[in-house]
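Everything in the sequence shown is counted per the working numbering, starting at 1 for the first residue and increasing by one.
Contents: one structure, followed by commentary.
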Amino acid sequence: MSKAYDYLIVGSGLFGATIAYRLKQAGKTCLVIDKRPHAGGNVYCENVGGVHVHKYGAHIFHTNDDEVWRFVTGLVEFNRYTNSPVANYHGKLYNLPFNMNTFYQMWGVVTPEQAMAKIEEQKKDAVEKLKREGAAEPRNLEEQAQILIGKDIYEKLIKGYTEKQWGRKCTELPAFIIRRLPVRLTFDNNYFNAKYQGIPYGGYNRLVDRLLEGVEVRTGVDFATHRGSLTEMADKVVYTGAIDEYFDFQFGKLEYRTVRFETEDLGIPNYQGNAVVNYTDAETPFTRIIEHKHFDMFGQQVYDVPHTVISREYSSEWKPGMEPYYPVNDQRNNTLYTKYAELARLQPDVIFGGRLAEYKYYDMDQIILRALQTDL
Ligand code: UDP
Numbered sequence: 001m002s003k004a005y006d007y008l009i010v011g012s013g014l015f016g017a018t019i020a021y022r023l024k025q026a027g028k029t030c031l032v033i034d035k036r037p038h039a040g041g042n043v044y045c046e047n048v049g050g051v052h053v054h055k056y057g058a059h060i061f062h063t064n065d066d067e068v069w070r071f072v073t074g075l076v077e078f079n080r081y082t083n084s085p086v087a088n089y090h091g092k093l094y095n096l097p098f099n100m101n102t103f104y105q106m107w108g109v110v111t112p113e114q115a116m117a118k119i120e121e122q123k124k125d126a127v128e129k130l131k132r133e134g135a136a137e138p139r140n141l142e143e144q145a146q147i148l149i150g151k152d153i154y155e156k157l158i159k160g161y162t163e164k165q166w167g168r169k170c171t172e173l174p175a176f177i178i179r180r181l182p183v184r185l186t187f188d189n190n191y192f193n194a195k196y197q198g199i200p201y202g203g204y205n206r207l208v209d210r211l212l213e214g215v216e217v218r219t220g221v222d223f224a225t226h227r228g229s230l231t232e233m234a235d236k237v238v239y240t241g242a243i244d245e246y247f248d249f250q251f252g253k254l255e256y257r258t259v260r261f262e263t264e265d266l267g268i269p270n271y272q273g274n275a276v277v278n279y280t281d282a283e284t285p286f287t288r289i290i291e292h293k294h295f296d297m298f299g300q301q302v303y304d305v306p307h308t309v310i311s312r313e314y315s316s317e318w319k320p321g322m323e324p325y326y327p328v329n330d331q332r333n334n335t336l337y338t339k340y341a342e343l344a345r346l347q348p349d350v351i352f353g354g355r356l357a358e359y360k361y362y363d364m365d366q367i368i369l370r371a372l373q374t375d376l
């Protein structure tokens with residue numbers, strides 16, 4: 001008997017929504033479900049008195065991929081937002097990512113040559129330690145950071161922030177996390193090296209609405225509770241939820257980090273003058289403060305809206321019932337994930353995709369690219 005839909009898509013984040021868009025283009029029928037009361041997953045924005053609040057954490061779109069950029073800008077227009085976070089270490093401010101401004105603020109060096117010499121001197125101990133211990137590569141985040149940028153910046157701008165964000169010692173974290181951060185000998189505060197960057201005018205909901213235009217979406221529907229009847233409704237399933245949950249945690253639970261936001265609406269137009277300020281010391285309990293209006297208001301626009309919304313971001317270990325944010329890609333979890341991925345391969349009618357189903361620290365553009373390239 002033919003089923004009601006060709007596809008059931010579990011989760012309406014960027015992966016699910018992009019797949020839904022492709023299926024609609026291909027003339028297939030699909031039903032998208034989401035357990036939250038809205039579509040869009042973690043890119044969902046809430047309008048608070050004209051300010052688009054990134055409800056599940058700051059999302060800044062950046063990509064080097066022409067195909068992805070053409071795809072998203074074909075759907076909505078993007079603004080010129082460029083991420084240039086500032087670090088606050090015990091009240092002193094430093095530009096990020098690590099660049100000539102940071103080196104000037106940290107050491108008073110003025111030329112790239114002086115900065116290079118300083119970084120070499122700062123790296124020396126770590127380089128010698130690796131050599132002495134016969135390690136070809138940095139074995140953890142602490143070693144990687146010290147090899148990349150040396151001890152002062154590691155101590156002031158990396159260690160406290162990273163240990164708060166991940167709830168683990170830098171010596172117990174994988175090196176790759178810090179390789180995301182660029183190091184530059186130019187006065188360039190653009191956090192990303194990406195060719196394209198920006199935020200959709202009107203916020204991310206517009207992008208999600210375009211992706212899901214003409215697609216049936218049911219919110220407030222939990223796949224886990226209605227699994228049998230929902231699966232019956234379609235020939236194929238696209239699953240974007242947590243992979244361990246799909247397989248009833250049969251090999252054990254994967255770990256995540258979660259983030260809690262303390263959001264305040266303040267009666268002043270401009271609180272910190274920047275969208276992102278990281279608190280990089282160990283003592284401040286939150287990792288950063290996001291001031292949402294700076295994502296899409298520039299210059300005078302900031303003052304045309306007399307209030308501002310800020311979110312203090314607290315990072316903690318995920319427990320059942322909380323929102324899983326960052327996969328913790330250490331050895332134990334990666335091994336466990338591999339076992340689930342093997343089970344997933346045995347399910348020809350289910351496509352697993354996205355940050356939770358692939359247990360991977362994906363950026364938004366990578367998710368969209370995956371969704372564009374997935375065989376349906
Ligand atoms: N990081 C840091 N200090 C900062 C900002 C980032 O040490 O001020 C490190 C931290 O370990 C973090 C990693 O760089 O996990 C990657 O940062 P990114 O901003 O890419 O993380 P996300 O925005 O995905 O939370």
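Cβ coordinates follow ideal geometry from the N, Cα and C atoms, glycine included.
Keep in mind that this is a model prediction, so the values were computed, not measured.
On a Cα-Cα basis, can you pick out the residue from 83, 63 and 75 that is closest to residue 209? 75
If you drop the 5 nearest sequence neighbours on each side, which residues of the same chain put their C-beta closer than 6 Å to that of residue 35? 222
In its own chain, which residues sit with a C-beta less than 6 Å from the C-beta of residue 344, not counting the 5 before and 5 after it? 352
First and last residue of the uninterrupted alpha helix (DSSP H) at residue 18: 14-25
Can you give, in chain order, each stretch of the beta strand (DSSP E) that sits fully within the stretch 225-265 and has at least 3 residues? 234-239
Does the beta carbon of residue 157 fall short of 8 Å from some heavy atom of the ligand UDP? Using a cutoff of 8 Å, the CB of residue 157 counts as near the ligand UDP, since one of the ligand's heavy atoms is closer than that.
Shortest alpha-carbon distance to residue 145 belongs to which of 97, 113, 117 and 134? 97
Where residue 87 falls: helix, strand or coil (DSSP): strand
Check each candidate in 83, 329, 292 and 17 and name the one with the smallest Cα separation from residue 54. 292
Check whether the stretch 320-327 and the stretch 251-267 are in contact - that is, three or more C-beta pairs closer than 8 Å. yes
Consult DSSP for residue 51 and reduce its assignment to one of helix, strand or coil. DSSP places residue 51 within a strand segment (E or B) once states are collapsed to three.
Starting from the C-beta of residue 206, find all residues in its chain whose C-beta is less than 7 Å away, skip the five residues before and the five after it, and write them out in chain order. 76 and 200
Under a three-way DSSP split, which group does residue 92 fall into? Residue state, collapsed to three classes: strand.
Where DSSP assigns a beta bridge to residue 40, which residues make up the other side? Note: residue 40 sits in no beta bridge, so no partner.
Less than 7 Å between C-beta atoms, sequence neighbours within five positions excluded: which residues of the same chain meet that for residue 150? 119, 122 and 123
Only counting the same chain, and skipping five residues up and downstream in sequence, which positions put a Cβ closer than 7 Å to that of residue 249? none
Does any CB atom of chain D fall closer than 9 Å to the CB of residue 62? The structure shown contains no chain D, having only a single protein chain.
Ordered list of beta strand (DSSP E) runs contained in the stretch 295-365, each at least 3 residues: 308-317 and 350-352
Go ahead and pull the three-state DSSP assignment for residue 102. helix
C-alpha distance - residue 355 paired with residue 161, whole-angstrom precision: Using only the alpha carbons, I get a separation of about 23 Å.
Quick one: complete alpha helix (DSSP H) runs, 4+ long, within the stretch 116-187? Qualifying alpha helix (DSSP H) stretches, in chain order: 141-149, 160-166 and 176-179.
Cutoff 8 Å; reference residue 251; Cβ partners in own chain excluding five residues on either side: 244, 336, 339 and 340
Any heavy atom of the ligand UDP within a distance shorter than 8 Å of the CB on residue 162? yes
Closer than 8 Å: is that where the CB of residue 272 sits relative to any heavy atom of the ligand UDP? no
Please report the distance separating the alpha-carbon of residue 371 from that of residue 20. 9 Å
Which same chain residues, not among the five before or five after residue 109, have their C-beta less than 6 Å away from its C-beta? 103, 115 and 118
In whole angstroms, give me the CA-to-CA distance for residue 283 and residue 238. Whole-angstrom Cα-Cα distance: 43 Å.
Applying the criterion that 16 or more other CB atoms from any shown protein chain within 10 Å of the CB defines a buried residue, is residue 267 buried or exposed? exposed
Identify which residue in 58, 15, 52 and 25 has its Cα closest to the Cα of residue 40. 15
Tell me the DSSP bridge mates of residue 46? 53
Could you check what DSSP says for residue 368 in three-state terms: helix, strand or coil? helix
So is residue 242 buried or exposed if we call it buried at 16+ other beta carbons inside 10 Å? buried
With a CB to CB cut of under 6 Å and the five nearest residues on each side skipped, what residues in its chain are close to residue 317? Around residue 317: 167.
Run through the DSSP bridge pairs and tell me what residue 216 is partnered with. 31
Taking the alpha carbon of residue 2 as the point to measure from, which residue in 18, 232, 11 and 310 has its own alpha carbon closest? 232
For the candidate residues 323, 369 and 60, whose alpha-carbon lies nearest to that of residue 204? 60
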